[in-house]
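Asks: In my numbering, the protein residues as written are -1 to 186.
Built from N, CA and C at the ideal position, the CB exists for glycine as well.
As the structure is a computational prediction, the values presented were derived from the model and not from experiment.
First the structure, then my questions, so here it is.
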């Protein structure tokens, strides 16, 4: 916030808060979100924000936010069904696998994405129409399961090594196994 307030250009600066809402820091945002546009820190320092600054709060819920705070924000609510699994998987592929580490190459990332695209909707539709879940799950939970299994397997120290061709063949098998257990693990 301090660095963004010191900028001098006319371009908009976005500060993004991503994570759980804490009652203490969200209440400190009230003076920022009103006409004063001033952040008052606990050490007594005050930071005046520029009119070109914008804040985005990406939160799971607003249980501890006061009505005063909520009323100062524009809300966009997306249910898991509306958002779908694609943004999660795209972000996971792009951020979980370090671009500086060649264990998972861009070709492998594209292969993972295209495999998810080609198989996940079909699998989810099949289990929703033809299978029984003792405990109901959401589509995102199922897809997160696939990703979690892959995180456990795609590791150089756990045997994910060899030439790129060897790793591509192994990746294909790991995706199949992770898919079966990620989507089918909750079935009776």
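1. State yes or no: is the C-beta of residue 111 within less than 8 Å of the C-beta of residue 126?
2. Residue 129 by DSSP, collapsed to three states: which one?
3. On a Cα-Cα basis, can you pick out the residue from 86, 164 and 79 that is closest to residue 101?
4. Just the Cα atoms here: how many angstroms apart are residue 0 and residue 142?
5. Please say whether residue 63 and residue 19 have beta carbons closer to each other than 8 Å?
6. Whose C-beta lies closer than 7 Å to the C-beta of residue 133 among residues of the same chain, with five residues either side of it excluded?
7. What does a CB cutoff of less than 6 Å around residue 29 pick up in its chain, not counting 5 residues either side in sequence?
8. Determine the burial state of residue 173: buried for a count of at least 16 other Cβ atoms within 10 Å of its Cβ, exposed for fewer.
9. Would you tell me roughly how many angstroms separate the C-alpha atoms of residue 151 and residue 167, rounded to the nearest one?
10. From what residue to what residue does the beta strand (DSSP E) around residue 13 run?
11. Is it buried or exposed for residue 27, if we count other Cβ within 10 angstroms and need 16 for buried?
12. Nearest CA to the CA of residue 139: which residue from 81, 6, 34 and 5?
13. Quick one: grab the DSSP three-state call for residue 165.
Replies: Concretely, from the data shown:
1. No.
2. Judged by DSSP in its simplified three-state form, residue 129 adopts coil rather than helix or strand.
3. 164
4. 36 Å
5. yes
6. The answer, listed in chain order, is 184.
7. 36 and 38
8. buried
9. Between residue 151 and residue 167, the C-alpha separation is close to 13 Å.
10. 11 to 16
11. buried
12. 81
13. helix
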